[in-house]
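Structure record follows, encoded as structure tokens.
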Amino acid sequence: MEKRLEVDIQVIVHATEDPQKIFDAFKDVFDLDVEDFVSQDLRGHFDNPITLLQAKLKKKKSRQFVKTLVSGISQSDVEMILEDIESRCDDSSLFLRISKQGLVQKRIVLGDEDPVKLRIYTPVYSQKNLSKTYSEILRGTI
1 MEKRLEVDIQ VIVHATEDPQ KIFDAFKDVF DLDVEDFVSQ DLRGHFDNPI TLLQAKLKKK
61 KSRQFVKTLV SGISQSDVEM ILEDIESRCD DSSLFLRISK QGLVQKRIVL GDEDPVKLRI
121 YTPVYSQKNL SKTYSEILRG TI
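Everything in the sequence shown is counted per full-length UniProt numbering, starting at 1 for the first residue and increasing by one.
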């Protein structure tokens with residue numbers, strides 16, 4: 001992969017969840033440390049406490065993250081992303097959601113319920129190349 005890549009990670013940790021399990025999962029699966037994340041204490045819908053964890057990865061860490069992500073996603077999930085790539089891309093960014101529970105179980109699975117939100121960014125100067133660029137990234141050919 002030679003293109004510039006950035007990855008933004010966002011995950012909500014509910015009061016009933018152990019943040020350390022989330023950090024351990026990121027360490028085990030993606031080799032990310034607690035220090036890679038910024039933690040923000042917030043209030044949810046019913047005034048329940050939640051913690052927002054965010055990370056911004058650049059350079060070597062973002063490349064390694066994407067490499068691990070691509071190798072960990074099932075081929076059927078990759079195909080599903082590719083079929084739907086137009087609706088997952090906006091402004092040179094690819095938006096994905098993986099299952100937080102799957103991650104805690106050391107698996108990378110697409111998921112929309114209680115997800116880990118990912119934004120993968122690489123500069124794409126022509127909108128017509130957006131799908132092609134992210135298809136190459138997901139197939140591991142960049």
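We put the CB at the ideal spot given by N, CA and C, even for glycine.
Here the C-alpha atom of residue 75 lies approximately 19 Å from the C-alpha atom of residue 30.
Annotation for residue 134: the continuous alpha helix (DSSP H) segment containing it runs 130-138. When C-beta atoms of the segment 17-30 are compared with those of the segment 103-117, three or more pairs fall below 8 Å, so the two segments count as touching. A distance below 7 Å between beta-carbons, with the five flanking residues on each side excluded, links residue 37 to the following residues of its chain, in chain order: 53, 54 and 55.
Sequence-distant partners of residue 49 (beyond 5 residues in either direction) whose C-beta falls short of 6 Å from its own C-beta, in its chain, are 15. Ranked by Cα distance from residue 136, the first of 40, 107, 109 and 85 is 85. Of 126, 3, 28 and 51, the smallest CA-CA separation from residue 62 is found for 3. Taking the C-beta atoms as reference points, residue 108 is found nearer than 8 Å to residue 69.
For the segment 40-84, the full-length beta strand (DSSP E) segments reaching 3 residues or more read 49-58 along the chain. In this structure, residue 120 keeps its C-beta atom at 8 Å or more from the C-beta atom of residue 111. Scanning its chain for C-beta atoms nearer than 6 Å, with the 5 sequence neighbours on each side dropped, one finds around residue 42 the residues 50 and 52, in chain order.
In the DSSP assignment, residue 22 falls within the alpha helix (DSSP H) that extends over 19-30. Residue pairing by DSSP places residue 87 opposite no residue, since no beta bridge is assigned to it.
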